[in-house]
Amino acid sequence: MVKTKFIFIFFMLSITSCIFKRNDWGMPRVSKIRFKNFEPIDLISKDVFYVEKANFQFENNRISNYKLSEYSIWNQNNNQFEYKKFDFGVTLKFYDNNKFNYLKVYKNMNEIIEEDFDPRRGYMGYYGKSRGKFMLQYFVFGDGGGYMENKEILIYNDSILLLDGIYGSVYVKKVLPKKYLNFKPDW
5 MVKTKFIFIF FMLSITSCIF KRNDWGMPRV SKIRFKNFEP IDLISKDVFY
55 VEKANFQFEN NRISNYKLSE YSIWNQNNNQ FEYKKFDFGV TLKFYDNNKF
105 NYLKVYKNMN EIIEEDFDPR RGYMGYYGKS RGKFMLQYFV FGDGGGYMEN
155 KEILIYNDSI LLLDGIYGSV YVKKVLPKKY LNFKPDW
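Under this note's numbering, the first residue of the sequence shown is numbered 5, with each subsequent residue one higher.
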């Protein structure tokens, strides 16, 4: 009987560990203690967005296979994926207290609305300095519950390079009207 209760309690704890608090957009929000404790940095503009423009490979301090960003979007009319380029694809927004947001917008400039940049729609994350490198970390919900994505940040003029092993992405600064900056993160 005690063994059965123990197994039941263990099973229930296992299941509940995979359940995350979600906001009103359905995005998971996890406790800050799951993130690294970064040293604060103040080198990144907080009044702009950074939009992904290209992807590349980075080996031996050399960039190769540089390619402009395209996104695979499902076309409901012909039931297949199409590759498209957008003014806004994967977009980063940095906030006070070392918070940042990883948004997927996939729209052109003439199609965007204020709610596209609401941080409640994106992945929550934090950024800062760790072991002498600028890093960012965000929570991605996926198979098996979710995981922390870690990327190194290189700042170059008005651009940010995110490195993940030998792969990287270039994000360029995009200034938008103030009405798109009115949101605060919900974590």
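Glycine included, each C-beta is placed from N, C-alpha and C at the ideal position.
Bear in mind that the values here come from a model prediction, so they are computed numbers and not experimental data.
| Excluding five sequence neighbours on each side, which residues of the same chain lie with their C-beta closer than 7 Å to the C-beta of Ser21? | Confidence at Ser21 is low in this model, with a pLDDT of 49, below 50, so its placement is unreliable and the value that follows should be read with caution. Cβ within range, chain order: n/a, list empty.
| query | Can you check whether the CB of Phe92 is closer than 9 Å to the CB of Ile116? | reply | yes
| Pairing CB atoms from the segment 108-122 with CB atoms from the segment 181-188, are three or more of them under 8 Å? | yes
| task | Would you grab the beta carbon distance between Asp190 and Arg33 for me? Rounded to a whole angstrom, and I think it's under 8 Å. | result | 7 Å
| query | Going by beta carbon distance, what residues of the same chain come within less than 8 Å of Leu73, once the five residues before and after it are set aside? | reply | Note that residue 73 is Ser in the sequence shown, not Leu. Around Ser73: Glu56, Lys57, Ala58, Asn59, Lys89, Gly93, Val94, Ser173.
| Would you call Leu107 buried or exposed, if buried means 16 or more other Cβ atoms sit within 10 Å of its Cβ? | With a 10 Å radius around the Cβ and a threshold of 16 neighbouring Cβ atoms, Leu107 comes out buried.
| Ordered along the chain, which non-local residues of its own chain (more than five positions away) have a Cβ less than 7 Å from that of Leu180? | Phe53
| If you drop the 5 nearest sequence neighbours on each side, which residues of the same chain put their C-beta closer than 6 Å to that of Lys178? | If we look at Lys178 and ignore the five residues flanking it on each side, its Cβ neighbours are Phe53, Val55.
| said: My parser needs the beta strand (DSSP E) runs of 3 or more residues fully inside the segment 77-153; what are they? | reply: Every beta strand (DSSP E) stretch that sits fully inside the segment 77-153 and reaches 3 residues is listed by chain position as 84-88, 92-98, 103-111, 127-134, 137-146.
| task | Give the secondary structure of Lys50 by DSSP, where H, G and I count as helix, E and B as strand, and everything else as coil. | result | coil
| request: Evaluate Met152 with the Cβ neighbour count: other Cβ atoms within 10 Å of its Cβ, from every protein chain shown; 16 or more gives buried, anything less gives exposed. | output: exposed
| task | Taking all protein chains shown into account, decide if Phe143 is buried (16 or more other Cβ within 10 angstroms of its Cβ) or exposed. | result | buried
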